[in-house]
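To start, the structure itself, in structure tokens.
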Amino acid sequence: MGIFSIFGRKRPATVPTDRVIPLRYWDDLDYLRSLCHAFTFRFDDVLDAFKLEAALSYRHLPTFFTSLVCHPNSPRELADWIYTDRPQLHIHAALFQDATLLTISYVHTFVDAISRTNFFNAWIAVLRGQEEDVPAFVPYDHDPLHTLGQEAPSQSYSNIGRVLSGFNLVMFGLRYMFEILWSPKLEEHPIRLPGRCVDQMRKTVLEDMAATAPRGANTEKLFVSEGDVVVAWWVRTMIKALKPAPDRTIMVMNVFNVWNLFPEWFPRGTAGLIGNSFFYSYTLLVASKVVQDINLKYVAFTNRKALMEHRTKQQVEAMTAIQRGNFMRAAPVVGDSKMLFMAATNQHKARYFETDWSAAVISFVTHSEYFVS
89 MGIFSIFGRK RPATVPTDRV IPLRYWDDLD YLRSLCHAFT FRFDDVLDAF
139 KLEAALSYRH LPTFFTSLVC HPNSPRELAD WIYTDRPQLH IHAALFQDAT
189 LLTISYVHTF VDAISRTNFF NAWIAVLRGQ EEDVPAFVPY DHDPLHTLGQ
239 EAPSQSYSNI GRVLSGFNLV MFGLRYMFEI LWSPKLEEHP IRLPGRCVDQ
289 MRKTVLEDMA ATAPRGANTE KLFVSEGDVV VAWWVRTMIK ALKPAPDRTI
339 MVMNVFNVWN LFPEWFPRGT AGLIGNSFFY SYTLLVASKV VQDINLKYVA
389 FTNRKALMEH RTKQQVEAMT AIQRGNFMRA APVVGDSKML FMAATNQHKA
439 RYFETDWSAA VISFVTHSEY FVS
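Convert by adding 88 to the 1-based position in the sequence shown; the result is the number in the numbering used here.
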């Protein structure tokens, strides 16, 4: 917003029926404000759009809202929410004779991957007529993670010596900006890996780990996930294509949820939580070792080890202490000023493919579009 908003779009006036709810501390971050997601389910069945809407209409904010929204005006950036009366969640259903596309659009301040599934499961429970299965909602005026990082010593972070600050952070920022300006026309394309290939790569990694384990070690406890293997394959593929200097640091930033680390704040687990509870893990690699890692063991195991080290209560508290001390409340940057930065997120735990929308299926409908917000 800032001073330029004086000459730009104006916020709608607040009316008596409005209820203004402040964002939680870890939801209201600049980089979350800048991320707007459009998440689409494709169903090879026709869903009843009116039934989908009815399952959401029993409770909503604000008191009055427009149920039909013109799709060309669907929100695409933060300003589209701030300067209109749209709620944070926008839903669009496109119906065909043999399929349905169900898309939800929102600012990342609204939910993370796990909370998104919480919303889907609650929606599905109402579709089935089983409202008793909808968990009690964690109110927006209750912030379970508000005190996270307030008392913890940042020096206890395991990578504290490699957290960029001062001149090194400025140099990294300049290099990063130069890369963005140098390649402004980036394109996004999905890559689909067959499950059998992922299974075979994981089997090869585990066999390689067992073969090189110290004598007497319990090889049954050796573990890498499918996500570790996919990240390893992706990182090695990118490094072979980009051809960075052999000694260049490669930093892979992963995402993980922390609610299970703080049962005192989440006594019912993540049930009923709509918001963000994720933080970061940093995997530090060397370009030459990545290229030589034909079986993917080096990258996959290093990624798993970094996740295990970061996903502890002490490390999360230390990292959030660093983040609280940052002027922009940005996550720490770990590595060196010349590193190649890569980001990955594994949303397997969100279990999107296990959601059951069959309660909304109907037999036939002619092609149409339907919008609800």
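Glycine is no exception: its CB is placed at the ideal position from the N, C-alpha and C atoms. Note that the structure is predicted; figures quoted are calculated from it, not measured.
Distance between D186 and P163, taken at the CA atoms: about 27 angstroms. Within the same chain, S425 come within 6 angstroms of N256 by CB-CB distance, once the 5 residues on both sides are set aside. Contact between the stretch 362 to 370 and the stretch 391 to 401 is present, with at least three C-beta pairs closer than 8 angstroms. The residues A181, L183, T188, L190, W445, A448, V449 and I450, in chain order, have a CB closer than 8 angstroms to that of L135 in the same chain once the five nearest residues on each side in sequence are set aside. Three or more Cβ pairs closer than 8 angstroms define a contact, and the stretch 328 to 335 falls short of that threshold against the stretch 409 to 423. For M265, the uninterrupted alpha helix (DSSP H) segment begins and ends at G254 to W270. R399 and M407 have their C-alpha atoms spaced approximately 11 angstroms apart. The stretch 103 to 118 and the stretch 217 to 226 do not touch, with fewer than 3 CB-CB distances between them shorter than 8 angstroms.
In the three-state scheme derived from DSSP, where H, G and I count as helix and E and B as strand, V195 is classed as strand. For A181, no alpha helix (DSSP H) encloses it; the enclosing beta strand (DSSP E) starts and ends at L177 to L183. Pairing I362 with V199, the inter-Cα distance amounts to about 6 angstroms. A residue is called buried when at least 16 other Cβ atoms come within 10 angstroms of its Cβ; F138 does not meet this threshold and is exposed. Checking the DSSP bridge columns, you'll see F131 partnered with T188. Nearest to Y194 by C-alpha distance, out of W211, D168, E219 and G217, is D168.
Within the DSSP secondary-structure output, C124 pairs in a beta bridge with V195. C-alpha of W321 to C-alpha of A375: approximately 14 angstroms in a straight line. Taking the CA atoms as reference points, I327 sits about 9 angstroms from L428. Here A431 is not near V317, since their CB atoms are 8 angstroms or more apart.
Taking 8 angstroms as the cut-off, the beta carbon of H436 is found closer than this to the beta carbon of G315. Counting only residues of its own chain and dropping the five nearest sequence neighbours on each side, D231 has a CB closer than 7 angstroms to the CB of R112 and Y113.
With distances taken between CA atoms, L215 lies nearest to S145 out of V251, S145 and S246. For F389, there is no enclosing beta strand (DSSP E); the enclosing alpha helix (DSSP H) has its first and last residue at K385 to H398. With a cutoff of 8 angstroms on beta-carbon distance, R417 and D381 are scored as not near each other.
Considering only G261, V312, A301 and L236, the residue with the shortest C-alpha distance to F354 is L236. The three-state reading of DSSP puts S242 in helix, counting H, G and I together. The continuous beta strand (DSSP E) containing A431 extends over residues L428 to A431. Rounded to whole angstroms, the gap between the alpha carbons of F208 and T443 is 7 angstroms. Distance between L294 and F311, taken at the CA atoms: about 7 angstroms. If you check the CB distance, W211 and A143 come in under 8 angstroms. Burial state of W270 is exposed, judged by a 10 Å Cβ sphere holding fewer than 16 other Cβ atoms. Boundaries for N206: no beta strand (DSSP E) harbours it, while the alpha helix (DSSP H) harbouring it runs A201 to L215, taken from the DSSP string. In this structure, K385 is the residue among K385, F260, Y171 and I410 with its C-alpha nearest to the C-alpha of S313. Of all alpha-carbon atoms in L349, F415, V343 and E165, the one lying nearest the alpha-carbon of N434 is that of V343.
Distance from the CA atom of H196 to the CA atom of R204, rounded to whole angstroms, is 10 angstroms. G360 has its alpha-carbon roughly 7 angstroms from the corresponding atom of N206. Boundaries for F366: no alpha helix (DSSP H) harbours it, while the beta strand (DSSP E) harbouring it runs F366 to V374, taken from the DSSP string.
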